[in-house]
Each structure stands twice: as C-alpha cells, then as structure tokens.
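Protein chains in written order, with my numbering: chain A, 96 to 588; chain B, 96 to 588.
Just so you know, even glycine gets a beta-carbon here, dropped at the ideal spot from N, CA and C.
First the structure, in the form of structure tokens, and then the observations on it.
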C-alpha cells in the first residue's frame with residue numbers, strides 16, 4: 096500500500112481512446128497465449144476507492160475476453176466460509192491454468208472489514224496476515240502470476256463525491272446507498288489500514304494507483320495487467336524454495352519395532368473398548384466444534400483400509416467423509432497441488448479421513464520424479480503451513496504412517512494374488528515400486544523429520560501385525576483427540 | 096417403499112462368507128468396467144433402519160474399491176443449502192462418469208426429517224415430491240444408473256434394540272446417543288412416510304429390504320448394486336423423451352420488427368434513467384431475497400456483451416456474477432448437461448448473468464448434431480423443470496433473445512474484421528455457421544414456443560439497432576423484476 100506514484104495527470108479523451116484501443120488488442124492476445132500456459136493469473140483489486148474499483152471491473156469486462164476471466168467479490172465471509180479456515184474461500188476461487196481471476200476486495204479490504212466490524216479477535220490478526228503472506232509465497236513459487244492493485248482516493252476526493260452524492264443520490268451508479276457506508280468506512284478504516292500496512296510482510300507489494308482521474312486509472316491498471324500477462328512467471332524469491340529442506344538426521348523408520356504384535360484375544364477386547372471410546376470421543380469432538388482430520392500414509396498393502404474401516408465403524412455416516420487419494424486428474428493438475436486437498440476440507444465439526452494424502456508430493460512424486468526437486472523440497476514448508484492453518488481452525492490433524500518391512504509386503508502381495516477378490520490391487524507396477532524401497536525409506540524419514548510439527552506430529556505405527564496396528568492407531572487417535580478437545584473447550588471459555 | 100419381499104431368512108456364517116467373497120470380486124470388476132462407461136451410478140440408501148444403513152455403508156466400503164465411490168450423507172439442509180433451490184444439494188454431489196455415489200438419507204429420509212421438523216410448509220411438499228420425480232426422470236433419461244434401497248426395521252425390532260441400547264448405551268456402535276432420537280423419529284415419521292408413499296410418483300421404485308438379519312441384508316443390497324452395475328443403462332421410459340417436443344406452430348422471429356431503432360439523444364436519456372432505476376430495483380431484489388437470473392441468447396454479434404455491461408454498470412460488483420458459457424470442458428462433459436449451470440446458481444439475493452445458457456442444448460448442440468435428437472428433444476421439458484425450480488426458490492428468471500438479421504450480422508462481422516482489437520472474435524467457423532441460419536431459426540422458434548412458460552417467458556428483442564436493444568432489455572428487465580419482487584414480498588406477508 097505504499098504510494099509509489101504521484102497523483103497522475105489527466106488524460107484527454109482522444110489520448111485515452113488511442114491508448115485503450117491498443118491495450119485491448121494486446122490484452123486479448125496475451126489472454127490467448129495464457130490459455131496454453133501452465134499458470135494462471137490472480138488480480139487483487141482493493142483500496143478505499145471502492146466505486147473506482149467497481150467502475151474498473153466493468154471496463155475490464157469490456158476490454159478482455161470474459162470467457163476466460165472469473166470475477167469474484169470478497170466481503171465479509173458467509174456462514175459457510177466461517178465454518179472453514181480463513182484461506183479456504185480463496186482456495187475455492189483459485190483460477191485453473193489458462194484463466195484469470197479478479198478478486199475484488201481480497202485479501203485486504205475484506206480483512207479490513209472484518210477487523211473494523213470486530214469479527215476478528217485482536218490476537219488473530221497477526222496470524223491472518225502471516226497466512227496471507229504464506230499464500231502469496233506459495234502462489235509465487237507455483238509460478239502463478241499475481242498482481243495487487245490498491246486503488247486510492249484521497250479523503251478530499253471522497254468528500255467531494257459524497258457531497259455530490261448527497262445532493263443527488265443517483266449520481267454514483269455503482270455504490271448506491273452504500274456511499275455513506277463507504278465514506279464512514281474510509282474514516283474508520285484508516286487506522287486499520289495503517290496498522291495492516293505496518294504488520295504486512297507482503298511477498299507481493301501492493302501497487303498504489305491514484306483513482307482521481309478515471310481515464311488514467313483505467314489505462315494504468317490495464318497496463319499493469321498486460322505487463323503481468325506478458326511477463327515470464329518466475330519465483331520472485333527462489334532461494335526460499337529450499338529454506339526448510341535438508342536430509343533427515345535420523346532413521347525414524349529403523350526405530351520402529353515393526354514386528355510388534357498382539358494376541359488375537361487381547362486384540363478383540365481392545366478393539367471393542369477402543370471403538371466404544373472412539374464413538375464418545377467423536378461425539379465430544381462434534382460438540383466442541385473440533386474437526387478431526389485423519390491422514391493415513393504407509394507402504395502399499397500396509398493395511399490402511401482395514402484401519403480406516405475400524406475407525407469409521409465408530410462414527411455415524413452423517414458425520415464423516417473418507418477420501419481416497421489417487422493420482423491427480425487432468426483437471427486437478429491445472430491447480431496448485433494443495434488445491435485438491437483444500438477442496439475437501441469440511442465444515443467445522445465433521446470428520447475427514449484421507450487414505451493417502453498431500454504427502455504424495457514428498458513421497459511418490461519425489462521418488463518417481465513427478466515433481467521437480469525444487470517443488471518437492473519446498474513442499475515441506477507449504478505442508479506445514481497448510482496443517483498449521485487447519486489446526487488454527489480447530490481441526491485436529493492426526494497423521495499415521497503404517498510401517499511394514501519389505502518381506503511382509505511381499506508376503507501380502509503373494510497372498511493377494513492368490514485371493515481372487517483382491518487380485519486387482521496388485522499390478523506389475525506394485526512390484527516395480529519395491530525396487531525403490533530405499534528411496535522411499537529416505538523420503539519417509541525426511542518427511543517425518545521435516546513435517547513432525549508441534550501441532551501435527553507424525554505417528555509411526557508398526558504394522559507387520561495388522562491387529563497391532565489397528566489398536567495402536569485407535570488408541571493414539573483417541574488420546575490425541577481427547578487432549579485436543581480439552582484444549583479447544585478450555586480456550587473457548 | 097412397497098414391501099416387495101417377505102421377511103428374509105437368516106444366513107449362516109459360512110454361507111455368508113461364501114456369498115460375500117464371490118460378490119466382492121464381481122463388484123470390483125464391475126466397478127472397473129464402469130470406469131470407462133459414459134454413465135455414473137447413484138445409490139440411495141434410506142429407511143427407518145438407520146443403524147442398519149450405517150452398518151451397510153461400512154460393509155460396502157470394505158467390498159468395493161473406495162477410490163471410485165463417494166459417500167454422502169444427507170440430513171437437514173445446511174445454511175448454505177437453504178440459500179439455494181432444494182435440488183441444488185443433490186446436483187452438487189452428482190457423481191461424474193465412471194463413479195459411484197452413495198447418497199445416505201437422500202432423497203427421502205432428509206425430506207421426512209424436514210417435514211417432521213416442520214421445516215417445510217404444507218403446500219410445498221407436493222412440489223418437492225414433483226421435483227424429485229423430475230430429477231429421477233432426468234437421471235434415467237441421461238442413462239444414469241440409479242438404485243433406491245429402503246431398509247426396513249419393524250417397530251418390534253427397533254423396540255428390542257432400543258431396550259438393549261438403554262441397558263447398555265454402547266451396544267449400538269454407530270448411532271450412539273441418537274438411538275433415542277431415531278426411535279422417536281420412527282414413531283413420529285410413520286405418518287409422514289405413509290403420506291409421502293401415497294404422494295410419491297416415483298420414476299424409480301424404492302426397493303424394500305428387510306434389515307432384520309444383518310448378513311442377509313448385506314448380501315441382498317450388494318447383489319442389487321451388482322445387478323445395477325452390470326445392467327445396460329437404458330431409459331426406463333423412453334417414450335416420454337419426446338413428450339413435449341413438436342415443431343413450433345409460429346414463426347416468432349419473423350414477427351420481431353428487427354429494424355426498430357432509437358435516436359441517439361433519446362437513447363442516452365433513456366439509458367441513464369433505466370440504469371438508475373435498475374440500481375434501485377436490484378437493491379429492492381436483494382432486500383426481498385429475490386435472485387435475478389438473467390439469461391442472454393442471440394445470434395453471434397447480436398450485442399449480448401454490450402447489453403450485459405450496461406446492466407452490470409448498475410449493480411455493485413459485490414452482488415453479481417457474470418458467467419460466459421462456452422463449449423463444455425472435458426470435465427463438464429462427464430455430467431448431465433445441466434450440471435454446469437446448477438453449479439453456478441448463487442445464494443439467495445445475488446444476481447447471476449449468463450452470456451449464453453443451457454439453451455445451447457436446443458440450439459447449437461441440436462443444429463450441429465452434438466446432442467442426439469432424443470436428447471435435445473427431451474431438453475425442453477428438462478429446461479422448463481429447471482427454470483420452474485429456480486422460480487420456486489425466488490429466482491426471477493429473465494430470458495432474452497437478441498435478434499438481428501443475416502445482413503446486419505454480415506455487416507458486423509465485416510466491421511469487426513476491420514477493427515483490429517476485435518478481430519479474434521471472427522473465425523471461419525463464424526461464417527460457416529451462417530450457412531445454417533435457417534436451421535437455427537427453426538431451433539429458436541421451437542425453443543420460444545416450447546420454453547416460454549408462464550413463470551419464465553422468452554423476450555425477443557430487435558437488435559439491428561444496438562441502442563434500441565439495450566433500452567428494450569433494460570426496461571423489460573426492470574418491469575418484470577419489479578412485478579416479481581412485488582409478488583415475493585406479498586407472498587411473504
């Protein structure tokens with residue numbers, strides 16, 4: 096929100112027309128090039144000149160090919176949005192490759208409104224700003240093109256327009272009866288905007304545009320959009336990509352006593368107890384507005400499905416969704432890799448279970464080379480940030496790695512081959528994957544070290560004995576969830 | 096909900112195991128075949144044996160490949176769902192080609208709940224049931240495979256289980272503290288269920304399954320799912336496909352005085368007045384909870400974009416979305432053709448503007464042969480039903496056809512070719528399309544006759560003079576919207 100420009104000179108009508116016509120050709124041509132690129136464009140349009148923002152949106156619709164532009168206006172969050180982490184609404188609106196999104200009001204004027212109308216607790220604000228710069232960072236690293244326009248009106252200018260408006264309430268076409276509101280908001284929000292300005296650690300700077308002359312405003316913003324479209328998308332700060340990555344210092348998998356086992360009779364008794372207790376814990380979570388998010392990873396044939404079913408047996412089908420994660424669809428490939436996980440995040444109080452997760456980025460995509468080194472290396476930080484956001488929004492993130500050894504896996508593959516009804520599960524690729532066992536081991540150890548955060552640590556579970564693994568997961572889940580619920584209830588008081 | 100089966104015999108454990116193992120192989124194989132088919136599967140699971148439904152869902156997750164199954168539970172609508180037409184929630188959950196959706200509670204138990212808890216006005220119920228059979232009809236005609244399972248528990252059976260539950264509240268794993276609720280619901284909902292049973296004009300019959308023996312239940316339902324998967328998807332009642340279609344009896348386009356025009360000075364004055372009035376009308380719509388849905392169709396180069404921009408200039412960008420409709424994406428092709436329009440339907444009180452619409456089905460898809468004859472012929476009825484649902488949900492559907500003649504179009508094409516910045520808009524295909532002018536004319540006349548319903552009539556607008564068309568659209572829009580708002584406010588009192 097720095098003023099990097101002087102109040103601009105007025106443009107003559109003829110000059111405006113000349114500039115506009117040239118711009119329109121270039122904008123449309125640039126849009127056509129964008130269609131085939133592996134990137135998308137996000138234009139944030141905010142500022143205190145809200146009438147100006149709306150006028151510009153209308154001009155833009157005339158100048159570009161609207162078939163490839165999504166315009167979204169962000170104001171106070173809806174009830175649905177309030178039931179999700181704050182960044183969820185932006186993820187829902189992300190443009191896919193080849194498209195332009197115009198986010199009007201985002202992600203600062205809506206925040207100003209939230210602060211100004213006291214929808215945000217004092218202590219929460221800094222976190223929200225942190226999340227925003229995290230989001231910007233992530234978009235930049237994903238080669239998304241982002242432009243942030245801050246359209247400025249001086250108080251004098253707004254005052255003059257208000258006077259004109261009061262004389263003739265129909266003079267401001269867009270704003271209508273909101274003009275009084277906007278002026279008051281301007282007065283009240285200045286301290287908030289100043290405060291945000293000082294707190295903000297933008298990855299992408301707001302570009303200050305003077306709104307006093309409409310023609311100059313239109314040309315200036317359109318030129319910046321064109322420059323963005325024509326630019327090569329490059330990470331602004333590539334060095335931070337590997338900020339977090341370094342190989343693990345310990346062999347975490349090696350420390351798991353993979354053959355831990357349990358007697359069948361004890362198993363049955365413990366399972367029954369755990370399922371009943373889990374039932375109550377899940378109800379308690381619901382009542383506390385806690386959203387359990389269970390993430391299961393593990394070697395092929397480690398028994399994830401069996402564990403998940405023992406858990407879902409304790410939860411009403413009204414309350415949970417189980418989401419199996421396979422290779423991304425062509426449609427999903429057109430977004431940031433976290434997009435397809437964000438879209439599953441449920442309303443507060445529901446249970447979400449992932450059979451395989453976003454950790455595919457640092458496991459299969461790393462080992463098989465589907466993600467570039469720089470991509471999977473920066474994923475650790477992005478994932479930690481993602482999970483921290485979930486935890487902040489009262490989601491209890493519980494991550495389990497089911498660990499078997501290579502012999503046990505071979506035994507299970509052979510068993511499955513002989514059992515007709517599971518035969519489909521084993522392909523040549525499954526056997527081929529075994530050749531990369533050590534690569535996967537390294538990847539798992541790195542993952543455990545780099546993403547075992549305080550708020551969402553990994554739980555490594557010995558799974559050569561399926562029954563042992565089931566009990567271990569359920570008891571850990573109950574224990575951790577109960578602590579989380581306790582904290583949530585406590586902090587609410 | 097007819098009882099088409101006797102209380103079933105109990106299955107021995109051994110027999111169950113034998114049947115289950117054979118079923119599992121077949122289910123998974125059938126799922127694999129489904130993946131390549133141009134259809135999807137919807138399984139409705141409802142009934143008064145809710146604990147049984149939940150148990151079966153868990154069994155099913157064990158027996159199928161869950162990667163291609165989406166299980167959704169429908170209970171009372173969320174706040175977000177309440178802000179949309181009642182069928183919207185089902186459209187949001189529709190499975191794409193190759194996938195299975197399990198809708199638990201839909202679309203009858205959630206309705207029972209709504210009635211029972213008086214969330215539905217008495218008079219609204221019949222309409223809702225009509226919509227449901229409309230939806231079933233539409234799914235059947237689209238070759239979707241739909242199975243409706245009504246899982247039955249006798250009152251005695253539920254009573255016994257309740258007694259057991261009261262003795263030991265942990266005995267019912269899934270239902271937990273809801274068991275008392277379910278029993279009471281059973282008692283209270285019988286009259287509602289009976290009533291619905293009499294009112295229902297199901298396109299697809301509910302299959303009554305006795306829930307008293309868990310093993311028999313599991314096998315019975317799974318067998319029916321398998322039979323559905325292995326069946327050829329065929330419209331159950333193909334004759335109804337052309338129920339509504341017959342060629343138009345009048346030449347509606349011919350009656351439009353295409354050269355109607357307006358003086359520039361008068362235009363400017365009228366535009367200003369109309370924009371101001373529209374501003375107030377749109378605010379009134381918002382306050383009344385009315386959702387204006389504007390649908391624009393017309394010949395290429397008829398000036399839709401220009402009209403739309405004159406309208407959006409009067410609406411705050413917070414309040415509207417303009418959605419340009421192009422050819423469906425590969426992803427969109429995997430659903431019923433109305434799906435991509437349903438997904439745009441906004442919350443109550445917002446404004447939605449379509450630049451081209453669902454009428455593509457009976458225009459370009461008909462003329463170019465992208466839709467089969469039987470498909471576009473039944474689309475008239477599906478579209479009327481779709482729009483009636485919108486109107487019922489307080490959406491004011493306003494449809495405009497912008498009419499120019501072939502000479503005017505050619506003139507505009509030539510103009511565009513000479514104007515560099517719009518050149519991209521004219522392709523050889525545009526000229527080729529002109530050869531089918533008469534086919535399109537017939538299609539438009541059929542469309543106007545068959546879809547000009549009382550609640551959503553067509554407005555044909557002379558557009559050889561762009562300015563005339565703009566004023567005509569805006570004045571019609573204002574007039575119709577004001578009448579609609581008046582009615583909405585009145586009916587609310």
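Within the region 188 to 242 of chain A, complete alpha helix (DSSP H) segments of at least 4 residues are found at 204 to 211 and 219 to 236, given in chain order.
DSSP places residue 286/B in the helix class (H, G or I) of the three-state scheme. For residue 172/B, the secondary structure class from DSSP, reduced to helix, strand or coil, is coil. Think of a sphere of 7 Å around the beta carbon of residue 526/A: no beta carbon from chain B falls inside it, the nearest being about 20 Å out. Residue 245/B has a beta carbon lying at 9 Å or more from every beta carbon in chain A. Comparing C-alpha distances from residue 157/A to each of 285/A, 176/A and 317/A shows the shortest one belongs to 317/A.
Runs of the beta strand (DSSP E) lying entirely within the region 101 to 147 of chain B and spanning at least 3 residues, in chain order: 136 to 142. The three-state secondary structure of residue 352/B, taken from DSSP, is coil. DSSP, reduced to helix, strand and coil, places residue 159/A outside both helices and strands of the structure shown, so it counts as coil. Residue environment analysis places residue 186/B among the buried positions, since at least 16 neighbouring C-beta atoms fall within 10 angstroms of its C-beta. Contact note: residue 187/A does not reach chain B at a C-beta cutoff of 8 Å; the least C-beta distance is about 12 Å. Not flagged as an interface residue toward chain A: residue 202/B, since no C-beta distance is shorter than 9 Å. In the displayed model, residue 265/B falls within coil according to three-state DSSP, outside both helix and strand.
Restricted to the region 498 to 575 of chain B, the alpha helix (DSSP H) segments that are unbroken, complete and at least 4 residues in length are 501 to 513, 523 to 529 and 532 to 546, listed in chain order.
Contact between residue 448/B and residue 418/B holds: CB atoms are separated by about 7 Å, below the 8 Å threshold.
Taking C-beta atoms as the reference points, residue 206/A and residue 227/A count as a pair closer than 9 Å. As DSSP reads the structure, residue 389/B sits in a beta bridge with 448/B and 493/B. Within the model, the alpha-carbon separation for residue 466/B versus residue 525/A is close to 42 Å. Residue 568/B has its alpha-carbon roughly 17 Å from the corresponding atom of residue 350/B. Around the Cβ of residue 218/A, a 10 Å sphere holds fewer than 16 other Cβ atoms; the residue is exposed. The three-state reading of DSSP puts residue 247/B in strand, counting E and B together. Around residue 111/B, no beta-carbon contact reaches into chain A at under 9 Å, the shortest distance being about 15 Å. Chain A has no Cβ within less than 9 Å of the Cβ of residue 209/B. When DSSP states are grouped into helix, strand and coil, residue 183/A belongs to the helix group.
Annotation for residue 394/A: no alpha helix (DSSP H) segment contains it, and DSSP assigns it neither H nor E. When DSSP assignments are scanned along the region 402 to 490 of chain B, the uninterrupted stretches of alpha helix (DSSP H) that are 4 or more residues long and fall wholly within it turn out to be 434 to 437, 459 to 462 and 468 to 487.
A contact between stretches requires three or more CB pairs, one per stretch, nearer than 8 Å, and the region 486 to 499 of chain B meets this requirement with the region 384 to 393 of chain B. With respect to the C-alpha of residue 143/B, the residue from 130/B, 112/B, 282/B and 106/B having the closest C-alpha is 282/B.
Residue nearest to residue 223/B within the set 192/B, 181/B, 208/B and 257/B is 181/B (criterion: CA-CA distance). Nearest Cα to residue 371/B within the set 122/B, 492/B and 406/B: 406/B.
Contact annotation: residue 412/A and residue 211/B have beta-carbon atoms that are not nearer than 9 Å. In this structure residue 464/B is exposed. Its beta-carbon is surrounded by fewer than 16 other beta-carbon atoms within 10 angstroms. For residue 302/B, the enclosing beta strand (DSSP E) begins and ends at 302 to 305. One Cα belongs to residue 231/B, the other to residue 473/B, and the distance between them is close to 14 Å. Take residue 264/B, set aside five residues on each side of it, and no residue of its chain has a beta-carbon closer than 6 Å to its own. Within the same chain, 192, 238, 239, 240 and 328 come within 7 Å of residue 134/A by CB-CB distance, once the 5 residues on both sides are set aside.
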